[in-house]
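The numbering of the sequence shown is this note's numbering, which starts it at 1 and goes up by one.
Cβ coordinates follow ideal geometry from the N, Cα and C atoms, glycine included.
Note that the coordinates shown come from a computational prediction; the quantities given were computed from them, not determined experimentally.
Here is the structure we will look at.
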Amino acid sequence: MSQIRLKPMLPLGTITFPRAKTAIDLVWGNEYVEQRIIKCRIASNCDHGSDHHPIETILNLRPNPHGPEAQQPYNYTKTDWKAFEQKLENYLPFLNHLTQPTIDTVNQLASDISAAIRRATAETTPRADICPFSKRWWRKELSDLRKQAQRARKRFNRYGTQELEGEWKEHRTRYKRKMDESKRDTWQKFVSEADDRSIWKVNKYLNSTPTNTYIPTLEGEAATNKQKMSTLSRTFFPPPPPADLSDIPNANYPKPVETNLNITITQVTRAINKLAPNKAPGPDEIPNHILKRCLTTLQHHILALAQQSMMTGHFPQSFKETITLILRKPNKPNYTKPNAYRPIALEITLGKVLERVMAEYISYLCETHNLLPKHHFGGRPGRTTEDAMLILSESIHQAWKEGNVYSAVLMDVAGAFNNVHHERLIHNIRKRKIPKEITNWVLSFLSYRETRMRFNGITTDTISTPTGIPQGSPLSPILYVLYNSDLLDVPKKRQLGLGFIDDILYGVQNKTAMTNASELEQLLTKAEKWRQRHGAQFEKSKYVLIHFTRNRTAQVEATVMVGRTTIHPSTEAKYLGVTFDQKLKIRTHIEQIVAKATKYALAVAGIAKSRWGPEFKCLRRLFTAVAAPRMDYAAIIWHRPKDTQTAPTTSQLQALSSVQGRIMWAITGCFRTTAITAMEHETALAPPKWRLTDKILQTITRMATTETNHPIQAWIKRALKHGGPPHMSNLGNLVKQYPQYIQPDKMEHISASIRPPWWTPTISSVISAASKDETTKAHRQRLRQIPAQDLIIYTDGSGHNGHTGAAIYSPKTRDTKGEYVGTSDTHNVYAAELTAIQMAVNFFEEKINEHNDTYIFTDNQSAIQAVESPKRQSGQYIIKEILDAIDRIHKVKPTCTIHIEWVPGHMNIEGNEQADQAAKAAAMSNTNPPTIKMKSAQNRSIQSMTNTQWETEWKTGKENAKRLRAMSQYPGTTTGPKLYGELQRKHVVWIARLRTGHCHLNEYLHRFNIIETPECECGAEKETVDHYLLNCELYDKERDELRRKVGVQGMRSSMLLGDTQLIQSKSKL
């Protein structure tokens, strides 16, 4: 069904045969039918006594009515960018920094900047000429054939003879056949010519065909677009919910934390660089890529706007208008209900820059001053869904160790973002010590907002949105986390509260489920007080209660009462994308990911045929970037490496291996009889066993390097001490199987930030974009211009024989210093480069009274960028030491300048060569081994370990692919992307089949009973791969030509099928 683009239309989990609790009555449709469905559900009111439930399916078969023609978008591929920037510079307003900003001046500046960009765009960029009937597969030949068919039909209609009827049908058939051929050829060409960028457009088609959502009559009453607008606005933009605000007027707020509200050009640049270039623009039609492309021209105006906005506490009024797209939620049973749709706000791009700057401020203050509950995840740096789920999993196993039942209840706030009460939100933010200047700005951002909805081809009139947070805003996640943080303050000791944006979970443990239910009722009663004060509503139908236990005699029927709602226990609960069952076997989740991955594998097979399809590297990337991440999501929760003695682990690997095999068959074009191990070798894709091991060990490495106050740290330390049986947890299994990778006390700890958002680099950095030769020449000229009283230092980091070292060399003082950094398992060359810069800064600090400025030359660009713009990254502790030393220097000597400049390595620059030799010597000294292990070094060590284990398994395996194993042992042969990377699709298929021996030769066909004899047509012997390539007399002429090209030494199967230089010649044969 997936191959013909059909999928189930009934919502997932719908039971149609109640006796067996299965869904054996199916409704299938493609993407176009899916957009036409109004209802597809069990028709309980039509039950006629059958043992099967009746299914009601209603389709909208009317043509979509078109609203007024919308203005066509700009075609930026035809923009005259040079003229654009000149005009933009002329049209931008003059910046007056002398006057005190007011609300009016902020609004005016925002409008002037937007107007300048729009005017420059209109004068340099044409509108796209898009016709709703345009088809990329249409050809002039089809127009001619259509005319011929129409003329033949008219003649038949006029005279009605049998001969003319036959002529008309012949023309009609030829026209339809050519149309189908044109569609097929256009699609095949589009897929086959896909490159590293356009393959993602192909991937979008694999996931779903783009279609327009048509909204039918809603609630049985809203038939016109105006009525639909009214119904949707009541759902998505309700009036402020009734909330108990009695505690706000007399509230005493704690002293706010200190902050610096002077916005810097670095903050603005960082915010613009983070914008996704191809996102849809807001009402002003200014896309992100214009801001990114014209950053130099715009940055000072945007900085002035951001600073004035912050000083006045006012968000520009023109930025408060949005376009709200109304999109279908997938797999809903009834699309006449407004809650079956999702609103997505398209904001004005310039406003998003200001929002991102503010979000960075708030996030920094929350993380630096610990203003949020420790178990609130999502919307926070360094915290992921895997952290929250692992804490839940470990809590359950710990309860089992203590002989307890663990019970959890999951809650969902109805219309979470749309129903945020602004006054309550501001109160909560101030209660969390956020400065009043920021809360005033946030209130302005939320107040007096307006939107226009877009659906059914029309854009509605302006609608006021007096409540809620705009979904899609960079501010919305952190604001909602602040809004519902009080819910996570409810649980006390031995109780668990987990939050991920708007998903809340409470967990408790006791000897019986009944006791747990009573305790959960108390927690939910307190949560009800939060609900009343915030005017929120918990979705009653989405309450989930589950009692976790492996005790077969335990009573797990206890219910929980919340007001008048009774929550009955479930056997499964889906939390953050993973389905947890009562015994934590996670079987349902595996079934779900296998089903989804199989569907995707079949879709990939639909574009990878034996004679056409994308390049090998593009198909392989679809697996590594799409299929594998989907399958491996949260693997640390459901998979246990090396635990191959248990049935769950074994069955998981078998199921995932089968799915991976399907995709590898598509990538290589091999037959399904080809061994999966052979295709893993040919595609260079590790088997699930080692891919999951690598993924899980890198995940635990990330967790071990989080900040020391991260809640996962306590669970890792507990697993190190008490992780053994009984009821060994996933962390306990990792500690047992891979103790060398779980040493949090020896790992670096990476903070959310080491400098505040408003921090500005105090160094002068230069990274030349010129060639190495030109940069070397410029460097030698630069040396002659440096004043004699300034210090020159060359730095370098080096790896040698599994060790790393760093060194500096100063040609003026003739000083050379080296430092042993560590082994390749603890530190990499990048760390050595950073250490060398640290040594240079420290050296200048020692000589500060003897020199004015210093020039530090390094051959590592990444190290310069890290010092200039520090992030959450491995090696952060070295970067912090560099920045701290620079701060000390400027405190002692404020006027000095530290220059860090890039020079190309190994270009006979004397200072660089001296530092390189000293770094190599330092790497071999092995003195003062480090006590800190880097995250990046451990990740590389993990990857090396899994690759080595996989390679060993391949070389020592004997059960299948014997010929390919033997071939891969020959020197000079290769496989994977190196072998197939430059070949056409059909050649990839031919070579892969010949290498594996599963091909259209008689020896193979006979083995699978397709033909009667394995003998070659030449009659000499069996038609094997070696016979076909080297001996068959039927191809002597072609073989002689091949021998002249590759030489006698190249006439071996292993070379012809494994040498990249010979493979092109072989493919012609």
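Membership of Cys-1016 in any alpha helix (DSSP H) is not indicated, and neither H nor E is assigned to it by DSSP. DSSP lists Tyr-406 as the beta-bridge partner residues of Phe-548. Cβ atoms of Ala-359 and Ile-478 come within 8 Å of each other, at about 6 Å. Contact between Ala-836 and Ala-806 holds, with the beta-carbon distance rounding to 4 Å and staying under 8 Å. Put simply, the backbone Cα of Glu-881 is about 7 Å away from that of Gln-838. Within the region 546-617, the beta strand (DSSP E) runs of at least 3 residues that lie entirely inside it are, in chain order, 560-562, 565-567, 572-575, 578-581. Within the DSSP secondary-structure output, Phe-17 pairs in a beta bridge with Thr-22. The C-beta distance from His-710 to Gly-382 rounds to 7 Å, short enough to fall under 8 Å.
Of the residues assessed, Lys-189 falls on the exposed side of the cut-off, its CB having fewer than 16 other CB atoms within 10 angstroms.
For the alpha helix (DSSP H) assignment, the uninterrupted runs of no fewer than 4 residues enclosed by the region 216-268 are, from N- to C-terminal side, 225-236.
By the neighbour-count definition (other C-beta atoms within 10 Å, threshold 16), Ile-113 is a buried residue. Between Cys-618 and Ile-676, the alpha-carbon positions lie close to 20 Å from each other. The beta carbon of Arg-127 is closer than 8 Å to those of Gln-71, Gln-72, Pro-73, Tyr-74, Asn-75 in its chain, skipping five residues each way along the sequence.
Shown here, Cys-40 sits in a strand according to DSSP, grouped into three states. By the neighbour-count criterion, in which a residue is buried when 16 or more other Cβ atoms sit within 10 angstroms of its Cβ, His-722 is exposed. Within 10 angstroms of the beta-carbon of Gly-818 lie 16 or more other beta-carbons, which makes it buried. In terms of Cβ geometry, Ile-663 and Val-604 form a close pair [threshold 7 Å]. One Cα belongs to Ile-396, the other to Gln-698, and the distance between them is close to 23 Å. Take the alpha-carbon of Asn-733 and the one of Arg-640: they are about 7 Å apart. Counting of Cβ neighbours within 10 angstroms places Val-409 among the buried residues, the total reaching 16 or more. For Gln-509, the enclosing beta strand (DSSP E) starts and ends at 503-510. Approximately 7 Å separates the beta-carbon atoms of Val-353 and Val-268; this is inside 8 Å, confirming the contact.
Per DSSP, the continuous beta strand (DSSP E) segment holding Phe-455 begins and ends at 450-455. If the five residues before and after Gln-876 are omitted, its C-beta is found closer than 8 Å to the C-beta atoms of Glu-748, Ile-750, Ser-751, Ile-754, Pro-870, all from its own chain and listed in chain order. Residue ranges of uninterrupted beta strand (DSSP E) with 3 or more members, entirely inside the region 52-117 and ordered along the chain, are 55-59. Gly-802: not part of any beta strand (DSSP E); DSSP gives it neither H nor E. Distance from the CA of Leu-6 to the CA of Arg-452, rounded to the nearest whole angstrom, comes to 34 Å. Of the residues assessed, Pro-435 falls on the buried side of the cut-off, its CB having 16 or more other CB atoms within 10 angstroms. Shown here for Lys-169: not one same chain residue has a beta carbon closer than 7 Å to its own, the five before and five after excluded. Within the region 738-808, complete beta strand (DSSP E) segments of at least 3 residues are found at 763-766, 791-800, given in chain order. Assignment of His-899 by DSSP, reduced to helix, strand and coil, places it in the strand class. Of all alpha-carbon atoms in Ser-968, Thr-826, Glu-221, the one lying nearest the alpha-carbon of Asn-926 is that of Thr-826.
Relative to the Cα of Glu-31, the nearest Cα in the group Tyr-214, Phe-315, Ile-24 belongs to Tyr-214. Around the beta-carbon of Phe-237, 16 or more other beta-carbon atoms lie within 10 Å, marking it buried.
About 12 Å separates the CB atoms of Ser-810 and Ile-786; that is not less than 8 Å, and the two are not in contact. Secondary structure at Ser-874: coil, using DSSP grouped into helix, strand and coil.
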